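Taking it in order: structure first as structure tokens, then the write-up.
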Amino acid sequence: MKPEIVKVKGRSRLKEFIDFPEKLYEVCPNWVPPLRGDEFDTFNRKVNGAYDYCDSECFLAYHGKKPVGRIAAIINRKANDVWGCKTVRFGWLDFIEDEDVARALTDAVAEWGRERGCEVIKGPLGFTDMDKEGLLVAGYERLSPFTCLYNYPYYDEILERIGFSKDVDWTQRLIYVDEKCPDVFKYASVVEERYDIHPVYPTSIKELSEKYGLEIFHMYNKAFAPLFQFTPLSDRQIERYLKTYVPILSPDFVSIVVNGEGKPVAFAFCVPSLSAAVKKSRGRLFPLGFLRILRALRHNDTLEALMIGVLPEYQAKGATVLMFKYIHERCIKRGIKKMILNPQLETNLKVQTLFDGYRAEPYMKRRAYSKNI
Numbered sequence: 009m010k011p012e013i014v015k016v017k018g019r020s021r022l023k024e025f026i027d028f029p030e031k032l033y034e035v036c037p038n039w040v041p042p043l044r045g046d047e048f049d050t051f052n053r054k055v056n057g058a059y060d061y062c063d064s065e066c067f068l069a070y071h072g073k074k075p076v077g078r079i080a081a082i083i084n085r086k087a088n089d090v091w092g093c094k095t096v097r098f099g100w101l102d103f104i105e106d107e108d109v110a111r112a113l114t115d116a117v118a119e120w121g122r123e124r125g126c127e128v129i130k131g132p133l134g135f136t137d138m139d140k141e142g143l144l145v146a147g148y149e150r151l152s153p154f155t156c157l158y159n160y161p162y163y164d165e166i167l168e169r170i171g172f173s174k175d176v177d178w179t180q181r182l183i184y185v186d187e188k189c190p191d192v193f194k195y196a197s198v199v200e201e202r203y204d205i206h207p208v209y210p211t212s213i214k215e216l217s218e219k220y221g222l223e224i225f226h227m228y229n230k231a232f233a234p235l236f237q238f239t240p241l242s243d244r245q246i247e248r249y250l251k252t253y254v255p256i257l258s259p260d261f262v263s264i265v266v267n268g269e270g271k272p273v274a275f276a277f278c279v280p281s282l283s284a285a286v287k288k289s290r291g292r293l294f295p296l297g298f299l300r301i302l303r304a305l306r307h308n309d310t311l312e313a314l315m316i317g318v319l320p321e322y323q324a325k326g327a328t329v330l331m332f333k334y335i336h337e338r339c340i341k342r343g344i345k346k347m348i349l350n351p352q353l354e355t356n357l358k359v360q361t362l363f364d365g366y367r368a369e370p371y372m373k374r375r376a377y378s379k380n381i
């Protein structure tokens, strides 16, 4: 049955767009919903600074009056300029197991992009790298990290049947935090002396945000610049992300390395896993979601690595030894037994080898697809 494709206009239609996956994954034990308020903010032009350089359109697919799929079309003009391409991105892709629905949704994005001069469709990608990206292609049996996409296995199969092919993969690993620290940590003092860098220990997240917040994200822009379709964040976006992430961070799991001038050169943001708490609350903070999140932040045995960045000139100089020695010690203190690493590009060999000193196993694999239009 050929679906009807409708542009998302108005608050009620946007609500239907945001709520669609909740019904689709109602019986799926490993899907974790996004925080519902964050989803509304993402598509609010007054809140999301990415709209300063992005255009977007959202679509819903219907069989009669029943929604059967959704997708967002995004043109990131800044990324297209940086990468010298004419790309329309697709994100927020969800659909019932129906090839016609998937084709109609992606065709809507392709047509919208062609009308604006695009030649390639890529995704799943968001407005920026801070949004969820990469279709899940392995690890369906695992509970999804709350910051990552989850989807049914048929998504991959159907996208390939309708002409999409792999562009790039991200891998995720689960590492085990043993009482014994990796041997490489014994060189921490040598690293500090040789390269004149040292870790700092904020006493509060408020102190970290006020003293290092903007600088850390400016460093993030430099550290991630070479990576797939990366777009540097503006100060308006940085302010939003600081407000979003700072409240859930703990000084125990934030590590910053500075140089002799006190400037940040490396950082790692980790947080106790919120997946179970967010899932139980169905992505709502009220009435009980906020309390469940607070409980998860304080009592947990699993950590999630949200962001890891090192300035190019300090890579391969041991900054990560200083960062993760601190986090490892705090994990032992707080009873953390394992950590889920953030998605890492399969081609980024430097980050792929960061945790070679740990017991590790594959956790999930994600994929971006592309198709000429």
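The sequence shown lines up with residues 9 to 381 when you count with the numbering used here. Every residue, glycine too, gets a C-beta built ideally from N, C-alpha and C. As the structure is a prediction and not an experimental result, all values here were calculated from the model.
Residue i: buried (16+ other C-beta within 10 angstroms of its C-beta) or exposed?
i	result
Asp364	exposed
Leu302	exposed
Ala324	exposed
Arg169	exposed
Phe28	buried
Val35	exposed
Ser263	buried
Pro255	exposed
Pro75	buried
Gly18	exposed
Ala233	exposed
Val198	exposed
Cys339	buried
Thr239	buried
Gly142	buried
Can you tell me the Cβ-Cβ gap for residue i and residue j, rounded? I've got them flagged as a contact below 8 Å.
i	j	result
Ala69	Leu113	5 Å
Ala385	Val176	Lying before the first or after the last residue shown, residue 385 is absent from the chain, which here runs from 9 to 381.
Leu250	Gly221	5 Å
Asn267	Asp309	Going by Cβ atoms, the distance from Asn267 to Asp309 rounds to 34 Å, so no, they are not a contact pair.
Val318	Ala196	Rounded, the Cβ-Cβ distance is 15 Å, inconsistent with contact.
Asn356	Ala313	That belief does not hold up - the Cβ atoms of Asn356 and Ala313 are roughly 14 Å apart, past 8 Å.
Cys62	Arg85	7 Å
Leu311	Ser281	7 Å
Ala231	Pro320	7 Å
Ala276	Phe225	In fact, because the Cβ distance is near 14 Å, the residues do not count as touching under 8 Å.
Asn229	Leu241	6 Å
Helix, strand or coil for residue i per DSSP?
i	result
His336	helix
Phe28	helix
Ala233	coil
Lys341	helix
Phe67	strand
Arg85	helix
Ile170	coil
Thr310	strand
Ser263	strand
Arg21	helix
Gly131	strand
Pro207	strand
Lys54	coil
Lys140	coil
Arg78	strand
Lys194	helix
Val90	helix
Met315	strand
May I ask which residues mark the beginning and end of the beta strand (DSSP E) holding residue i?
i	result
Tyr276	Before going on, a small fix: residue 276 reads as Ala here, not Tyr. Ala276 -> beta strand (DSSP E) spans 272 to 280.
Phe98	95 to 103
Trp178	173 to 184
Ala146	143 to 146
Val14	12 to 15
So, using beta-carbon positions, are residue i and residue j closer together than 8 Å?
i	j	result
Leu79	Ala116	At residue 79 the sequence reads Ile, which differs from the Leu that was named. Closer than 8 Å, so yes.
Trp178	Gln352	yes
Lys8	Glu223	Since the first residue of the chain shown is 9 and the last is 381, residue 8 is not available in this structure.
Lys379	Phe135	no
Ala146	Met347	no
Gly99	Ile381	no
Glu369	Arg244	no
Tyr278	Phe298	This sequence places Cys at residue 278; Tyr is not what is there. Not in contact: Cys278 and Phe298 (Cβ atoms no closer than 8 Å).
Phe51	Cys66	yes
Leu157	Lys140	yes
Val40	Arg248	no
Grab the span of the alpha helix (DSSP H) containing residue i for me, first residue to last.
i	result
Ile397	Lying outside 9 to 381, the shown extent of the chain, residue 397 is not represented and no answer is given.
Glu354	Premise fails: Glu354 is in no alpha helix (DSSP H) and is neither H nor E.
Tyr392	Coverage of the chain is limited to positions 9 through 381, which leaves residue 392 absent and any answer about it impossible.
Lys346	Per DSSP, Lys346 belongs to no alpha helix (DSSP H); it is in the beta strand (DSSP E), 346 to 348.
Val35	Careful: Val35 lies outside any alpha helix (DSSP H) and carries neither H nor E.
Glu119	107 to 122
Ser283	283 to 288
Can you find a CB in chain B that lies within less than 8 Å of the CB of residue i?
i	result
Leu314	Judged by its chain identifiers, the structure shown contains no chain B, having just a single protein chain.
Quick one: does the C-beta of residue i sit closer than 7 Å to a heavy atom of the ligand FAD?
i	result
Ala110	Absence of the ligand FAD from the depicted structure is noted, as is the absence of any ligand whatsoever, leaving it without description.
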